Structure formats: C-alpha cells, structure tokens
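What follows is a set of notes on a single structure, which appears directly below.
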Amino acid sequence: MKKPIENIFSKKKEKLKTVPNPKVPIIVDTREKQALVISNLVSELANIKIEKLDIADYLVGDTAVERKTFSDFLGSMINKRLIEQLTEIKKYPKYFLLLEGFYYNYKDYNIHENAIRGMLLSVVNDFKVPIIYTENEEDTAKFLILLAKKQEKEKKDLPIRPTKNLKTLEEQKQFILEGFPGIGATLSKKLIKEFPNLHSIFHASKEELRLIENFTEDKIDKFKDILKD
1 MKKPIENIFS
11 KKKEKLKTVP
21 NPKVPIIVDT
31 REKQALVISN
41 LVSELANIKI
51 EKLDIADYLV
61 GDTAVERKTF
71 SDFLGSMINK
81 RLIEQLTEIK
91 KYPKYFLLLE
101 GFYYNYKDYN
111 IHENAIRGML
121 LSVVNDFKVP
131 IIYTENEEDT
141 AKFLILLAKK
151 QEKEKKDLPI
161 RPTKNLKTLE
171 EQKQFILEGF
181 PGIGATLSKK
191 LIKEFPNLHS
201 IFHASKEELR
211 LIENFTEDKI
221 DKFKDILKD
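Residue numbers (the working numbering): 1 to 229.
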C-alpha cells in the first residue's frame with residue numbers, strides 16, 4: 001500500500017487521502033513483458049495481467065494501445081508493419097498510438113525527416129488514430145494507470161474481453177472462437193476453414209477436431225468441457 005501524500009501547503013502537515021489504484025486491469029501483451037513499463041506498473045501497484053494479444057501492446061478496458069519507441073516507429077514504418085497495426089487496432093472501440101521518448105534524431109537513421117512527418121500526418125489524418133506522446137517508460141505507465149482510473153470512474157460494465165468492431169461474419173465467428181482457452185487467431189481460422197459454421201464446430205467429435213493442426217488433446221478437452229457446462 002502506498003504511503004499517504006502530505007499536503008505541503010498545509011501548516012499542520014495534514015495527510016491527503018491516497019487515491020486507490022483502479023480495479024480495471026491493464027492487460028499487457030507477452031511481447032512487452034521485458035519492457036521497463038511493466039516494472040513501473042508493478043511499482044505503482046497497478047492491476048496488471050500478462051496475456052498474448054493478437055492486436056495492440058496493451059488493453060485497458062475497451063481501449064487498445066499500440067506502444068512505439070522512436071526506433072520501433074521507424075522500423076515498423078520501413079517494413080510496412082505499422083500500416084497493418086493501425087488497421088488492426090481500429091477493430092477495438094477505442095484506440096491510440098503511444099509514442100514513447102519520441103525525438104527527431106534523423107542523422108542516426110537512413111530516412112528523410114519529411115517521410116517521418118508524412119507518416120505521422122497519415123496516422124492522424126488517413127487512419128484516424130490519435131497519438132499520445134510520453135517521455136519514457138515511467139510516463140507511459142502513468143498514462144496507462146490514468147486511463148484505467150478513467151475507465152473505472154465512468155462506471156461502465158466492461159466486458160471481460162473487449163469487443164472489437166467486427167465487420168464480417170468471419171470476423172464474428174473468429175471472435176467467438178477466440179474466447180475459448182487455447183484458441184487464438186491461427187487456430188480459429190483453421191476451424192472456420194475446415195467447418196461450414198459454428199454449429200458444426202461445436203458439435204464436432206473429438207476425432208474430427210484432432211484432425212485440425214495444433215488443436216491438441218488438452219485444448220479439445222477444455223473446449224468440450226466449456227460447451228457441456
């Protein structure tokens with residue numbers, strides 16, 4: 001528990017009430033677990049969960065956050081990965097691109113400064129994705145905690161799994177299947193390709209499901225157990 005904050009403007013040195021950290025979890029992608037952002041979140045006693053996310057680096061309530069350092073931004077810009085990420089992140093109701101420690105030291109990179117400026121304009125104008133700038137990992141952690149507090153203050157009944165903006169029937173099927181333990185994007189797509197509809201997937205025998213690549217016995221058992229309950 002954090003120590004109460006002293007009111008430095010009071011002669012009596014009265015203690016201000018400590019604002020409790022939000023119960024809304026900050027879901028962190030497994031690829032981000034080595035980042036210093038997590039250690040800062042832990043030191044702030046934030047409610048964090050580490051999970052494999054197919055989209056975004058962080059999920060806070062219904063908001064997806066894609067985090068980029070300056071070198072990350074340039075790398076994903078050059079290999080076109082950024083365009084894919086910006087498209088995918090918009091499947092969530094709310095989203096933004098978080099640029100951490102962003103600075104314009106172009107001499108260290110073989111890329112024209114106007115190309116970077118143009119990409120930043122494209123993020124906002126073409127992809128309609130808001131940008132948040134943070135100074136460092138600590139600042140990023142504070143933004144995420146503040147976002148979680150804001151979500152809790154709004155007193156929404158947040159879903160366990162944030163709902164994406166699903167435009168096609170296939171995306172809707174995939175989203176439902178990904179709600180089962182052990183079934184990610186790759187396995188759900190294989191199931192959709194093999195079976196004509198969700199009804200046939202749910203009523204398939206274990207023998208039929210074993211024919212699906214990487215659908216292990218353990219995953220099949222959990223899948224069937226949930227359907228029975």
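The C-beta atom is built at its ideal place from N, Cα and C for all residues, glycine as well. In this text, all values refer to a predicted model and were calculated from it rather than measured experimentally.
Inter-residue CB distance, residue i and residue j (contact presumed, cutoff 8 Å)
{"i": "Val-28", "j": "Ile-50", "result": "5 Å"}
{"i": "Leu-74", "j": "Ile-111", "result": "6 Å"}
{"i": "Ile-89", "j": "Val-60", "result": "About 13 Å; that fails the 8 Å criterion."}
{"i": "Thr-140", "j": "Arg-67", "result": "7 Å"}
{"i": "Val-24", "j": "Glu-152", "result": "5 Å"}
Backbone CA spacing between residue i and residue j [nearest angstrom]
{"i": "Ser-76", "j": "Pro-181", "result": "30 Å"}
{"i": "Tyr-95", "j": "Ile-220", "result": "33 Å"}
{"i": "Ala-35", "j": "Glu-100", "result": "12 Å"}
{"i": "Ala-204", "j": "Lys-224", "result": "10 Å"}
{"i": "Val-276", "j": "Glu-84", "result": "Because the chain is modelled from 1 through 229, residue 276 falls outside the range shown and cannot be assessed."}
{"i": "Ile-48", "j": "Ile-145", "result": "10 Å"}
{"i": "Lys-150", "j": "Leu-120", "result": "27 Å"}
{"i": "Ile-78", "j": "Ile-116", "result": "10 Å"}
{"i": "Leu-211", "j": "Gly-179", "result": "21 Å"}
{"i": "Lys-80", "j": "Asn-125", "result": "18 Å"}
{"i": "Ser-200", "j": "Glu-208", "result": "10 Å"}
{"i": "Asp-72", "j": "Gly-118", "result": "17 Å"}
Identity of the residue in the options nearest residue i by Cα
{"i": "Tyr-92", "options": "Asp-62, Lys-219 and Glu-194", "result": "Asp-62"}
{"i": "Asn-197", "options": "Leu-169, Asp-139 and Ala-46", "result": "Leu-169"}
{"i": "Ala-287", "options": "Lys-52, Ile-38 and Leu-53", "result": "The chain is shown only over 1 to 229; residue 287 falls outside these bounds and no answer can be derived."}
{"i": "Lys-33", "options": "Gln-172, Leu-177, Glu-137 and Glu-194", "result": "Glu-137"}
{"i": "Tyr-58", "options": "Gln-151, Asn-214, Asp-126 and Leu-98", "result": "Leu-98"}
{"i": "Lys-190", "options": "Pro-25, Gln-174, Thr-69 and Phe-127", "result": "Gln-174"}
{"i": "Gly-184", "options": "Asn-214, Arg-210 and Leu-166", "result": "Asn-214"}
{"i": "Ala-64", "options": "Asn-114, Asp-126, Ile-116 and Pro-130", "result": "Pro-130"}
{"i": "Phe-102", "options": "Asn-79, Tyr-133, Glu-217 and Thr-216", "result": "Tyr-133"}
{"i": "Ile-226", "options": "Arg-210, Ile-176 and Leu-187", "result": "Ile-176"}
{"i": "Leu-166", "options": "Thr-87, Asn-114, Ile-201 and Phe-195", "result": "Thr-87"}
{"i": "Leu-82", "options": "Glu-135, Phe-127, Asn-114 and Glu-113", "result": "Phe-127"}
{"i": "Ser-43", "options": "Lys-142, Asp-72, Arg-31 and His-199", "result": "Lys-142"}
{"i": "Leu-41", "options": "Leu-147, Asp-218, Glu-207 and Lys-80", "result": "Leu-147"}
{"i": "Glu-135", "options": "Thr-30, Phe-70 and Glu-217", "result": "Phe-70"}
{"i": "Lys-228", "options": "Thr-30, Asp-218 and Phe-202", "result": "Phe-202"}
| query | Mind pulling the beta strand (DSSP E) runs of 3 or more residues that sit fully within the region 119-177? | reply | For the region 119-177, whole beta strand (DSSP E) runs of length 3 or above, ordered along the chain, are 131-134.
| Segments of 3+ residues assigned as beta strand (DSSP E) that fall wholly inside the region 49-109 | Taking only runs of at least 3 residues, the beta strand (DSSP E) segments lying wholly in the region 49-109 are 58-60, 63-69 and 94-100.
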